[in-house]
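Chains as they are written, first to last, in the working numbering: chain X, 628 to 821; chain P, 39 to 374.
In structure tokens:
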């Protein structure tokens, strides 16, 4: 009884919050709804007794959305609505919605048809993090390692992108810019004299 | 009613009431301690030893006009303080506060109720705490962005920077003790240190202890790292436009977080509520929490602020390598 109420509450809240994320024109509403939706999803994990995954969902997505906020802060004025240039085309909305529905049906039908069964049911008497670790480091070791490798590649790429002038001190860079601006100024003055 | 459910409800009410009252008392303590460390007297005029200053402050906060700036995002502006306060108390729901006890039968109405040590005993208490306390920083972030004020934006930019810096350190510093104990439950941590002072984890993990304290200071927004509302630089940061009780809620949240971090430090590293010689468990944990609370005030009196870039440099280039090395060494020791 209690679990059913909680499940429907979390589902309704998740759907509504993600709809706000998609439809709101205000950056602040969109991102706050995204963060709140992620928290609501962790509720499902707690309902399914997957405490570990629930807490990980909280930690990971709270951090990830926080980084999104940082970008939002740089690109948008949070107190004003974003003016969208593209006018909504009802045909696009209809086709997009239909194809999304089709995808959901395609993926959900085989699972529904063969009753949902856990491929690796939790072992009795082993705590939650331990059973996740057991499956992760035996059955899913290769995907785990591949994911680790991809993250490493992403990290190296990030360092290279961010650190082009890392060997030069920041103050020196600013001085360079200042000098070049002075040169431009003097050039402009010469142009004016001509 | 089921004695356990009744006990849990009693515990929830008690924790809410006591911790929010303690938050008020904490401001008084903070002023007094800071004053004595700086050779002043501190609040002295209202009531004996200035004790009624808390009441005066409370009346001021409650009766002050609740101003919402004209261009602010009203809804987000209004719920942001509630996020801070609510997450602080949700975090407390997973911390074991005192040993479990049964209320004696002769009390009317509540006799026989079993008051559990933790309100919600989830097996992964530490991770849950980290997650919920991390989401507590959404309060300052949203507040700063919603108020249409440049100082507020700077405050919330600093919130994001601070969160991304310290969160790694908190996780990595706690990883080493977790590996030693082999559990994420705070009750298990308490039970492994039940054998007196010698069995405290702090002796095996001094590096992790110091790292956790530093990260905890950043997490609760305490002075060496209180970048979010650095009065000397950005007026009041995220709280610039707030007044009245909404401002007060930020501070109830901050003090509740300080209590949570003190509780976590005392349970994970220094024995928790295990009885200490002739001192019973519940007094032992009160003493430990009080000490860590005092430590936060002490540090505030003795250390200057750091700049945001210094915080990032410190977290990513100094603390994170130390934490990783600590985890590796712990791993080798555990394997051997």
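Backbone N, C-alpha and C fix where the C-beta goes; we use that ideal spot for every residue, glycine too. As the structure is a computational prediction, the values presented were derived from the model and not from experiment.
Quick one: give me the first and last residue of the alpha helix (DSSP H) that residue 62(P) is part of.
Looking at the DSSP string, the run of the alpha helix (DSSP H) that includes residue 62(P) is 41 to 75.
Taking 8 Å as the threshold (beta carbon to beta carbon), is residue 229(P) in contact with chain X?
Not a single C-beta of chain X is nearer than 8 Å to the C-beta of residue 229(P).
Between residue 211(P) and the rest of its own chain, which residues show a CB-CB distance below 7 Å, the 5 nearest in sequence each way excluded?
Excluding positions up to five away in sequence, the list reads 246, 249, 250, 253 and 361.
Mind checking the stretch 330 to 351 of chain P against chain X and listing, in chain order, the residues whose C-beta falls within less than 7 Å of any C-beta there?
Taking 7 Å as the cut-off between beta carbons, none of the residues of the stretch 330 to 351 of chain P comes near chain X.
Please report how far the alpha carbon of residue 750(X) lies from the alpha carbon of residue 110(P), in whole angstroms.
Going by the C-alpha atoms only, they are around 52 Å apart.
Taking only the alpha-carbon atoms, compute the straight-line gap between residue 234(P) and residue 304(P) and give it to the nearest angstrom.
Distance between the alpha carbons of residue 234(P) and residue 304(P): 13 Å.
Examine chain X for any beta-carbon lying closer than 8 Å to the beta-carbon of residue 201(P), and answer yes or no.
The beta-carbon of residue 201(P) is placed less than 8 Å from the nearest beta-carbon of chain X.
Compare the beta carbon distance of residue 276(P) and residue 265(P) with 8 Å and say whether it is the shorter of the two.
Not closer than 8 Å, so no.
Alpha carbon to alpha carbon, what distance is there between residue 208(P) and residue 115(P)?
Answer to the nearest angstrom: the Cα atoms are 29 Å apart.
Would a check of beta-carbon distances place residue 685(X) closer than 8 Å to chain P?
True, the Cβ-Cβ gap to chain P drops below 8 Å.
Helix, strand or coil for residue 153(P) per DSSP?
Looking at residue 153(P) - three-state DSSP - the assignment turns out to be strand.
Starting from the Cα of residue 633(X), find the closest Cα among 643(X), 670(X) and 735(X) and give me that residue.
For residue 633(X), the closest C-alpha among the options 643(X), 670(X) and 735(X) is that of 670(X).
By how many angstroms is the C-alpha of residue 259(P) removed from the C-alpha of residue 122(P)?
Distance between the alpha carbons of residue 122(P) and residue 259(P) is about 12 Å.
Is residue 628(X) close to chain P? Criterion is C-beta to C-beta, closer than 8 Å.
Output row for residue 628(X): interface = no.
If I measure Cβ to Cβ from residue 645(X) and keep anything under 6 Å in the same chain, skipping five residues before and after, which residues do I get?
The answer, listed in chain order, is 664.
Closest Cα partner of residue 58(P) within the set 357(P), 168(P), 231(P) and 130(P)
Ranking 357(P), 168(P), 231(P) and 130(P) by Cα distance to residue 58(P) puts 130(P) first.
Within chain X, partners of residue 207(P) - CB distance below 8 Å:
What residue 207(P) touches in chain X: nothing, since even the nearest Cβ is about 13 Å away.
My understanding is that residue 283(P) touches residue 99(P), with C-beta atoms under 8 Å, so please give their C-beta distance in whole angstroms.
Rounded to whole angstroms, the Cβ separation of residue 283(P) and residue 99(P) is 6 Å, and the two are in contact under 8 Å.
Alpha-carbon to alpha-carbon, residue 763(X) and residue 699(X):
Pairing residue 699(X) with residue 763(X), the inter-Cα distance amounts to about 35 Å.
I'd like the list of long-range same chain contacts for residue 322(P), defined as Cβ closer than 6 Å, with 5 residues on each side in sequence excluded.
Spatial neighbours of residue 322(P) in its own chain (CB-CB distance under 6 Å, excluding positions within 5 residues in sequence) are listed in chain order as 314.
Just tell me which of 311(P), 300(P) and 133(P) has its CA closest to the CA of residue 232(P).
Looking at 311(P), 300(P) and 133(P), the one whose alpha-carbon comes closest to that of residue 232(P) is 311(P).
Environment of residue 448(P) [buried if 16+ CB atoms lie within 10 Å]
Nothing can be reported for residue 448(P), as the shown portion of chain P is limited to 39 through 374.
Give me the Cβ distance between residue 168(P) and residue 133(P), rounded to the nearest whole Å; I'm assuming they're in contact under 8 Å.
Contact flag wrong, Cβ pair sits at about 12 Å.
Is there contact between the stretch 176 to 186 of chain P and the stretch 285 to 293 of chain P, where contact requires at least three CB pairs shorter than 8 Å?
Two segments are said to touch when three or more pairs of C-beta atoms, one from each, lie closer than 8 Å; by this definition the stretch 176 to 186 of chain P touches the stretch 285 to 293 of chain P.
Taking Cβ positions, are residue 240(P) and residue 308(P) nearer each other than 8 Å?
Yes, the Cβ-Cβ distance between residue 240(P) and residue 308(P) is below 8 Å.
From the DSSP output, in three-state form, read off residue 708(X) for me.
Strand at residue 708(X).
Where do the N-terminal and C-terminal ends of the alpha helix (DSSP H) with residue 112(P) fall, by residue?
Where residue 112(P) is concerned, the enclosing alpha helix (DSSP H) stretches over 112 to 130.
Residue 180(P) touches chain X at which residues, Cβ-Cβ below 8 Å?
Near residue 180(P) (Cβ distances below 8 Å), the residues of chain X are 655 and 659.
Between the C-alpha atoms of residue 329(P) and residue 299(P), what's the straight-line distance to the nearest angstrom?
If you draw a straight line from the Cα of residue 329(P) to the Cα of residue 299(P), it comes to about 12 Å.
Work out the CA separation of residue 662(X) and residue 49(P) for me, nearest whole Å.
The C-alpha of residue 49(P) lies about 30 Å from the C-alpha of residue 662(X).
Please classify residue 119(P): is it buried, with 16 or more other beta-carbons within 10 angstroms of its beta-carbon, or exposed?
Burial call: buried.
Given that residue 136(P) touches chain X, what residues does it touch there, using C-beta distances under 7 Å?
Near residue 136(P) there are no residues of chain X at all, since even the closest Cβ is about 23 Å away, more than 7 Å.
Work out the CA separation of residue 92(P) and residue 687(X) for me, nearest whole Å.
Going from the Cα of residue 687(X) to the Cα of residue 92(P) covers about 39 Å.
Would you list the residues sitting across from residue 653(X) in a DSSP beta bridge?
708(X), per the DSSP bridge assignment.
Please confirm whether residue 218(P) has its beta-carbon closer than 8 Å to some beta-carbon of chain X.
False, the Cβ-Cβ gap to chain X never drops below 8 Å.
Alpha-carbon to alpha-carbon, residue 74(P) and residue 61(P):
Our two residues, residue 61(P) and residue 74(P), have alpha carbons roughly 20 Å apart in a direct line.
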